[in-house]
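Listed in order, the protein sequences are those of chains A and B.
Start counting the first sequence at 11; every next residue gets the next number (this note's numbering).
Start counting the second sequence at 250; every next residue gets the next number (this note's numbering).
We treat Cβ as the ideally placed atom computed from N, Cα and C, and that holds for glycine.
Below: the structure, in structure tokens.
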Amino acid sequence: MAQFFQQVVSGLASGAIYAALALALVLIHRATGVINFAQGEMAMFTTYIASALMVSHDFPYWVAFFVTLAIAFVGGVALQRVVIRPIEQASILTIVIVTIGLVLIFNGLASWIWTGEIRPFPSAFPNDTIDVGGVAISVQDIGTIGVVIGLVVLLWAFFEFTKIGLAMRASALNPDASRLVGVRVGWMLGIGWGLAAVLGAVAGMLAAPTVFLEPNMMQGILIFAFASAVLGGIDSPFGAVAGGLMLGVGLNLVGNYVDFVGSDLRLPVALLVILIVLLVRPAGLFGKPVTRRV
Amino acid sequence: MSRVQLRPAALVKPLLFVLAALAVLFLPRFISDFRAQQFAYVAIFLIALIGLNVLTGFTGQISLGHGAFMAIGAYTTAILISNSEPALKLGSHVFEGQMQDYWTIPIAGIVAGVIGFLFGFPALRLSGLYLALATFAVAIATPALIRRFDTLTGGGAGINFFDSPRFTGLPKTDPVTFEEIPGGVDLRLFTIPTFNEWLYYLTWTVALVLFVVAWALLRGRTGRALRSVRDSELAAASSGVNLARYKTLAFGISAFYAGVAGSLYAIANTNVYPDAFGITLSIFLLVGVVVGGLGSLWPLVIGAVFIQFLPLWAQSLNGPLPDSLLLVDVPNFRAPGAPAVVYGVILILVMLAFPGGAAGLVRRLGALSRRLSQRAS
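Here it is, written out as structure tokens:
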């Protein structure tokens, strides 16, 4: 039983990482109806930046952490302004292809600049365990969960209590009306991309100590984030977080207790989750079903 | 200008095709053995690109996972040819590699086509973005799936059928020692002396046949129906186009082409392994279709040449980046990521500036020259 709880906690920790990346996807999808296929590669790239700051510029961990978040935010806004804005009105196919182009660019740049070799990445938390009622829980797992919870609360407060947050919600809901009352919708979308990049950077830096730093490190995690977002409902921020945690715990338990799945089949299981949810309940568990007028 | 009723324009395309076929036939007389191999890959990519374009360019169904269908074709061929020890098993059936190489090509196409057709049914319920998402996930999960079923697929090491007795009677270059292994095929008209030339003629024969098939299929009723599904599902359905039938058909045809391409890809490589069929392959196919032109056929040749030769060119870009970008000191700097960056930039630039790809560019230039000549006259 103790082992079971240990698996649940470590599942929650990986689930928290999926949740952060899923939240980034949901943020962009709500605002613009786009799925950003480059979200994972952006996260990987910012994690490399954090590593470069720590290794070659001797920044302490948390300084590097927050500097990276700032860089990620500016980079995300810039990306939206330069690459995404010109194709806002274009077909879905165009937008998908452009974000795939971004996947190639970030992935290629990372191996171009930092070579493709696998590097270690430090964790902010000590590699200890604490004993809770006979269950050994890793401090790293608790720290990961804590950082993501803190981030989600901050984001929620930002959207709920600040004027910019309100303007962003308004432009996602009804861009034309928002424009009429003086909201600069274009910049709100830019800030949305910036925040998504920040969420991705956090996910990357939390994941890197276990998956190690390499250009393809976020590919699997991106699929888990897709599955989380789809499971929770791709337009529901709450759903993304809940979906991420559920998927993290679920995959960890299935991977450990179902021999057939093991560690190899986690990705295909996530794929199965995506397909089943999309086919059976496309709005996800917490999303509102969309009805379309024809 | 006189108005001619008999349209010579109708003859231009078949004539061009014959010329192209002749060029393909005699090209190996003028290029090295190594180049012949590279052009064989162009034919393989061309087949895959035609398949992907039937689905994405003509029918508007985005697939980011076409590498998975190529994997199905490639593994079908590899499993049927291979005589590896221990033998590959599916359930209680043991594959002993009794099949001659070229017989496996249509089988690979059919296996992939049937699976693609079946995948078309759930895909009916996924529109636009969600289909892209699901196929992207398929592409990333493919290598893991292949690895998991290792009794059939050889696991992470893959299947090497280089030595199989039923695999081409032609001289091959040993991949380790680079020594030529003697052999040869007499086709009466002329002999094909090397494996690479054999590969060249095999791939281009299949490519030209499948090109004509696609052309015939897409110019008539079926092609119109597929394009109407792409342009407006609503309008198509109200005009009596059966959406479900044509979408699943497009998936089936598209996967058939990808399966054949995968089969030839396996033959060209003389082996298969899981990581060859990851997301990168799927994305490269998308790049090829976009560069050639979504919804076009002829210009896909340009797309195929592009994805075969651009990485070779981009690898020569291995000078160091400016120091300011290098946050970490790297000894012996090389540029493994350069092709991907170039691809990505071109992909975005094409979508921003020339959404029609090479096909659109040619059309635009044609319109421009017509306007200029009209102004002159």
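Q | 6 Å Cβ shell around A/ASN266 - same chain, five flanking residues per side excluded | A | GLN17
Q | Where B/PHE344 falls: helix, strand or coil (DSSP) | A | strand
(Q) On the DSSP bridge list, what partners appear for B/ASN520? (A) B/ASN409
Q. Do A/TRP203 and A/GLN49 have their CB atoms nearer than 7 Å?
A. no
Q.
Quick check: A/ASP274 and B/ARG396, are their CB atoms within less than 7 Å of each other?
A. yes
Q.
For chain B, check one thing: does any of its Cβ atoms lie closer than 7 Å to the Cβ of A/PHE285?
A. Note on residue identity: the sequence assigns Leu, not Phe, to residue 285 of chain A. So yes, A/LEU285 belongs to the interface.
Q | Residues in the stretch 478 to 490 of chain B having any Cβ partner in chain A nearer than 8 Å | A | LEU483
Q: Report, in whole angstroms, the separation of the C-beta atoms of B/LEU401 and B/LEU339, which I expect to be a contact under 8 Å.
A: Indeed, because the Cβ distance is near 5 Å, the residues count as touching under 8 Å.
Q. So what's B/LYS338 in DSSP terms, helix, strand or just coil?
A. strand
(Q) Closest to A/LEU281 by C-alpha separation, out of B/LEU301, B/ASP282 and B/ALA390, would be which residue? (A) B/ALA390
Q.
Is the beta carbon of B/LEU301 closer than 7 Å to that of B/VAL227?
A. What is shown of chain B runs 250 to 626, which leaves residue 227 of chain B out entirely.
Q. What do you get for B/THR384, buried or exposed, if any count of 16 or more other CB atoms within 10 angstroms of its CB means buried?
A. buried
**Q.** Among B/ALA317, B/VAL273, B/LEU304 and B/ASN445, the one whose alpha carbon lies nearest that of B/LEU467
**A.** B/LEU304
**Q.** Spatially closest choice to A/TRP197 from A/ALA12, A/LEU190, A/PHE296 and A/ALA88, by CA coordinates
**A.** A/ALA88
Q: Measure the C-alpha to C-alpha separation of B/ILE330 and B/TYR324 and round it to an integer number of angstroms.
A: 10 Å
Q: For A/THR104, decide whether its Cβ has a neighbour in chain B, counting only Cβ atoms nearer than 7 Å.
A: yes
Q.
Among the candidates A/ARG291, A/LEU165 and A/GLY230, whose CA atom is the shortest distance from the CA of A/ARG276?
A. A/GLY230
Q) Going along the chain, which residues of the stretch 76 to 105 of chain A sit with their C-beta nearer than 9 Å to a C-beta in chain B? A) VAL93, PRO96, ILE97, ALA100, SER101, ILE102, LEU103, THR104 and ILE105
Q.
Quick check: the Cα distance between A/PRO219 and A/PRO130, rounded to an integer number of angstroms?
A. 7 Å
Q) How many angstroms separate the CA atom of B/LEU614 from the CA atom of B/PRO604? A) 14 Å
Q: Quick one: which residues of the stretch 145 to 175 of chain A get their C-beta closer than 8 Å to a C-beta of chain B? List them in chain order.
A: none
**Q.** Beta bridge counterpart(s) of A/THR139 as assigned by DSSP
**A.** Note: A/THR139 sits in a beta bridge opposite A/SER148.
(Q) So the candidates are B/ILE556, B/ALA587 and B/GLY542; which of them puts its Cα closest to the Cα of B/ALA607? (A) B/GLY542
(Q) Spatial neighbours of A/ARG189 within its chain, please: C-beta separation below 6 Å, excluding the five flanking residues on both sides. (A) VAL195
Q) Among all the DSSP beta bridges, which residues are the ones paired with A/ARG129? A) DSSP, once it has assigned bridges, lists A/LEU223 as partnering A/ARG129.
Q. What is the DSSP secondary structure of B/GLY605, reduced to helix, strand or coil?
A. coil
Q: Consult DSSP for A/LYS298 and reduce its assignment to one of helix, strand or coil.
A: coil
Q | Cutoff 7 Å: B/ALA381 Cβ touching any chain A Cβ | A | So, interface residue.
Q. So what does DSSP say about B/PRO580, is it helix, strand or coil?
A. Confidence is the limiting factor: at B/PRO580 the pLDDT is only 42, short of 50, which leaves the residue's position unreliable, though a coordinate-based value still follows. Three-state result, B/PRO580: coil.
Q.
Against B/ILE311, what residues of chain A qualify as contacts under a CB-to-CB distance less than 9 Å, listed in chain order?
A. ILE102, LEU103, VAL106 and ILE107
Q) Can we say the stretch 61 to 69 of chain A touches the stretch 284 to 301 of chain A, given the rule of at least three CB pairs closer than 8 Å? A) no
Q) Within this structure, are the beta carbons of B/THR497 and B/PHE307 separated by less than 7 Å? A) no
Q.
Taking only three categories from DSSP, how would you classify A/TRP203?
A. helix
(Q) If the criterion is Cβ atoms closer than 7 Å, does the pair A/PHE296 and A/GLY242 meet it? (A) yes
Q: State yes or no: is the beta carbon of A/GLY128 nearer than 7 Å to at least one beta carbon in chain B?
A: For the sequence presented, residue 128 of chain A should be read as Ile rather than Gly. Output row for A/ILE128: interface = no.
**Q.** Amino acids of chain A, ordered along the chain, whose beta-carbon sits closer than 9 Å to that of B/TYR592
**A.** GLY111, LEU114, ILE115 and GLY118
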